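Here's the structure, in C-alpha cells; my notes come after.
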Amino acid sequence: MDKVREKIKEYITKGVIKTEGIRKLKREFKINEKELSVMWLEEKENIKSKYSKRNTRQIYKSNKDEVVFKAIKIFGEGMQKIVAMEELAELQQALSKDIRGKEHNVEEEIADVY
Numbered sequence: 001m002d003k004v005r006e007k008i009k010e011y012i013t014k015g016v017i018k019t020e021g022i023r024k025l026k027r028e029f030k031i032n033e034k035e036l037s038v039m040w041l042e043e044k045e046n047i048k049s050k051y052s053k054r055n056t057r058q059i060y061k062s063n064k065d066e067v068v069f070k071a072i073k074i075f076g077e078g079m080q081k082i083v084a085m086e087e088l089a090e091l092q093q094a095l096s097k098d099i100r101g102k103e104h105n106v107e108e109e110i111a112d113v114y
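Heads up: the sequence shown begins at 1 in UniProt numbering, then just goes up one per residue.
Okay, structure coming up:
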C-alpha cells in the first residue's frame, strides 16, 4: 500500500487528473476503484494540509495573478485548464449532493476552485 500511496502523491504533485491516475493505478496494482479513490482523497488532503500550514502567508501576500501565471508557466496552460475543469466538476458534484440533502463538502470545493 505504501507504493500505491507514493504513486498517488507523485500523480497529484505532477497534476495528473484523478480519474486518469486511478485508471493507471487500478491496472498497475490491481486495486478496486473505490479504494483507490479514497486513498487519492486522503493523499490530496495530506498534501494540502502540509503545504497550507507552511505557505498560507506566502500565498495570501502574493498577487493572485502572479500565482496563476506561475502555475501556467510551470505546468502549462493546457494542464491548468484541465485541472480547473476537474475542480469545477468536483464543486458541481458537491453542490448536487447538497441540493439532494446528502453529505457534501461544498466549502472545500469552493476553496479549491477559488
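Glycine included, every Cβ here is placed at the ideal spot set by N, Cα and C. Here the structure is a predicted model, which means the values were calculated and not measured.
At a Cβ-Cβ threshold of 7 Å, residue 91 and residue 113 count as neighbours. Below 8 Å, too few C-beta pairs join the segment 63-71 and the segment 28-44 to call them touching: fewer than three. For residue 68, the secondary structure class from DSSP, reduced to helix, strand or coil, is helix.
Below 8 Å, too few C-beta pairs join the segment 69-89 and the segment 35-46 to call them touching: fewer than three. When C-alpha distances from residue 18 are compared across 89, 1 and 40, the shortest belongs to 40.
Assignment of residue 15 by DSSP, reduced to helix, strand and coil, places it in the coil class.
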